[in-house]
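**Student:** Numbering (my numbering), first residue to last: 3 to 108.
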């Protein structure tokens, strides 16, 4: 388990699924700029929701921009998203699914 309490099996599943940032689509690199490095993301900002529907990988730039904002608010009201062309149509499927049916505690 990592410091976010994500079990190893889920880490492996998410790493296999999210080879690119779930928001901007940048491909993660093992070296390079900060923005090409992956970081763990709770799509719905509740660290208790540790599910494949809520845990994902995004680039550090998107993670920093989103912060604790609600997903829909960030996508529609953020200058960052506007500048990067990020919206509900361009994000990864896991994000689209979260917009339709937000992950929650069971």
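Where a beta carbon is used, it is the ideal one built from N, C-alpha and C, also for glycine.
#1: If you reduce the DSSP assignment to three classes, tell me which class residue 59 lands in.
#2: What do you get for residue 106, buried or exposed, if any count of 16 or more other CB atoms within 10 angstroms of its CB means buried?
#3: Just reading off the alpha helix (DSSP H) that residue 11 is part of, what are its end residues?
#4: Could you tell me the alpha carbon to alpha carbon distance between residue 84 and residue 54, rounded to whole angstroms?
#5: With DSSP run on the structure shown, which of helix, strand or coil describes residue 22?
#6: Alpha carbons only, please: which of 4, 17, 5 is nearest the one belonging to residue 40?
#7: Of the choices 81, 74, 61, whose alpha-carbon is the least far from that of residue 90?
#8: Could you check if residue 63 is buried or exposed, using at least 16 other CB atoms within 10 Å of its CB as the buried criterion?
#9: What do you get for residue 6, buried or exposed, if any count of 16 or more other CB atoms within 10 angstroms of its CB means buried?
**Tutor:** So, from the data block:
#1: Residue 59 sits at position 57 when you count from the first residue of the chain shown. Strand.
#2: Counting from 1 along the chain shown, the entry for residue 106 is found at position 104. Answer is exposed; the Cβ neighbour count stays below 16.
#3: The residue you call residue 11 lines up with position 9 of the chain shown. Segment 10 to 19, the alpha helix (DSSP H) holding residue 11.
#4: Counting from one through the chain shown, the residue named residue 84 turns up at place 82. Counting from one through the chain shown, the residue named residue 54 turns up at place 52. Here the C-alpha atom of residue 84 lies approximately 27 Å from the C-alpha atom of residue 54.
#5: Here residue 22 corresponds to residue number 20 of the chain shown, with the count starting at 1. The answer is strand: DSSP assigns residue 22 an E or B state.
#6: In the chain shown, counting from the first residue as 1, residue 40 sits at position 38. Cα-wise, what sits closest to residue 40 is 17.
#7: Your numbering for residue 90 matches position 88 in the chain shown. For the residues 81, 74, 61, the minimum Cα distance to residue 90 belongs to 74.
#8: Mapped onto the chain shown, residue 63 falls at position 61. When all chains shown are included, residue 63 counts as buried.
#9: Taking the first residue of the chain shown as position 1, residue 6 is located at position 4. Of the other Cβ atoms in all chains shown, fewer than 16 fall within 10 Å of the Cβ of residue 6; this residue is therefore exposed.
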